[in-house]
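Each residue of the sequence shown is one higher than the one before, starting from -9 at the first, in this note's numbering. C-beta atoms are modelled at their ideal positions from N, C-alpha and C, and glycine is treated no differently.
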Amino acid sequence: MPYTNNWEEKGLYRKFTGTINGVEILEANLKLHVDARFNKIKYVINDFTEVSDLRVETKHTNAYAASDKVISDRMRGLKIAIVVTTELQITLAKAYLEQMKDSNFRCEIFTNLDDAYKWAAA
């Protein structure tokens, strides 16, 4: 499995590892949206720092944003932190944020986990 969900008191920490493709991320998101715990959280931290091969294109970020925008009407104010370190990861994260700018989610990009947690807890 290319990701693990670690449910925390107020949020979810998702760690992606190894080789991951765009469909796997979309499936992870869709599973998350139907999990009863999802309705009670305040943040999701998506950690891509241990991904060695990211096979994602902008068309995938379009799909993530489309499904997340629908959920954002129900989960107003949910914070989505994306922790990325490579140029490709940052480019794709920026594409997702651009598409989410008019949603009810608050989305930010970070290059380290500590900063992501500080923002999510604020």
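Item                                                                                                                                     : Value
Where the beta strand (DSSP E) through residue 2 begins and ends                                                                         : 1 to 11
Cross-strand partners of residue 96 (DSSP beta bridge)                                                                                   : 69
Where residue 24 sits in the DSSP three-state scheme                                                                                     : coil
Chain-order list of residues whose beta-carbon lies under 8 angstroms from that of residue 58 (same chain, five-residue window excluded) : 19, 70, 90, 93, 95
Proximity winner among 98, 77, 86, 0, relative to residue 43 (alpha-carbon distances)                                                    : 77
CB of residue 21 within 7 angstroms of CB of residue 1, strictly                                                                         : no
Cβ neighbour criterion (16 or more within 10 Å) applied to residue 51                                                                    : buried
Own chain partners of residue 9 with C-beta closer than 6 angstroms, once the 5 adjacent residues on each side are dropped               : 43
Which residues DSSP lists as bridging residue 44, in chain order                                                                         : 10
C-beta contact flag for residue 39 and residue 75 at 7 angstroms                                                                         : yes
Buried versus exposed call for residue 26 [16 or more other C-beta atoms within 10 Å across all chains shown]                            : exposed
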